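A.B. asks: Structure provided below as structure tokens; questions to follow.
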Amino acid sequence: MRSTSMLSSAALAAALVAGSAGAALTQPAGDFPFGLEMTLEAPPKPGSKRIPNIEIDEKGEARVELWCKGGSGQFSVAGNTVIFVPGTIDNRACPPDRAQADDALVAALTAATTWARQGDYVTFSGGETLRFRLNTN
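Sequential numbering of the sequence shown, starting at 0, is according to numbering that gives the first Met the number 0.
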């Protein structure tokens with residue numbers, strides 16, 4: 000009987016920890032720029048004026064416009080931790096170099112594990128560092 004109650008207590012504790020961890024992933028961080036469009040700090044590709052940008056709403060749903068492709072995704076932010084899960088990315092008629100750059104950018108966002116904000120700049124870090132400028136005007 001005692002081992003059953005210990006298992007029940009352990010299961011309850013595990014459920015509470017899992018539940019609070021899940022809640023932490025969906026709660027907005029204090030100064031994460033939800034609702035603002037961010038543009039990647041990078042020059043346009045030759046033959047194009049486009050520069051990738053993302054906009055993340057308060058629920059973490061993201062609109063992503065890349066060098067050529069575009070689509071959606073989901074961000075989870077807790078403290079300085081970030082997780083990006085790409086959704087549907089439209090496979091537009093892109094030149095191979097831009098399509099490859101788009102795929103690399105999505106992979107770099109997916110690999111990001113932390114974020115930081117300094118003024119009008121947001122940096123995502125993980126395997127690679129990506130710096131975005133907030134479009135505040």
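Glycine included, each C-beta is placed from N, C-alpha and C at the ideal position. Predicted model only: the values in this text are computed from it and were never measured.
Compare the beta carbon distance of L129 and A103 with 8 Å and say whether it is the shorter of the two.
C.D. replies: Against the sequence shown, residue 129 aligns to sequence position 130. Against the sequence shown, residue 103 aligns to sequence position 104. No; because the gap between Cβ atoms is not below 8 Å, this pair is not in contact.
A.B. asks: Could you spell out where the alpha helix (DSSP H) holding R97 opens and where it closes?
C.D. replies: Indexing the sequence shown from 1 puts residue 97 at position 98. First-last of the alpha helix (DSSP H) with R97: 95-110.
A.B. asks: Give the range of the beta strand (DSSP E) segment to which T113 is assigned.
C.D. replies: The count along the sequence shown starts at 1 and reaches residue 113 at position 114. Run containing T113: 113-117, per the beta strand (DSSP E) assignment.
A.B. asks: Roughly how many angstroms lie between the CA atoms of Y120 and L35, to the nearest whole one?
C.D. replies: Here residue 120 corresponds to residue number 121 of the sequence shown, with the count starting at 1. Here residue 35 corresponds to residue number 36 of the sequence shown, with the count starting at 1. Each residue's Cα considered, the two are about 11 Å apart.
A.B. asks: Evaluate V84 with the Cβ neighbour count: other Cβ atoms within 10 Å of its Cβ, from every protein chain shown; 16 or more gives buried, anything less gives exposed.
C.D. replies: Against the sequence shown, residue 84 aligns to sequence position 85. So V84 counts as exposed.
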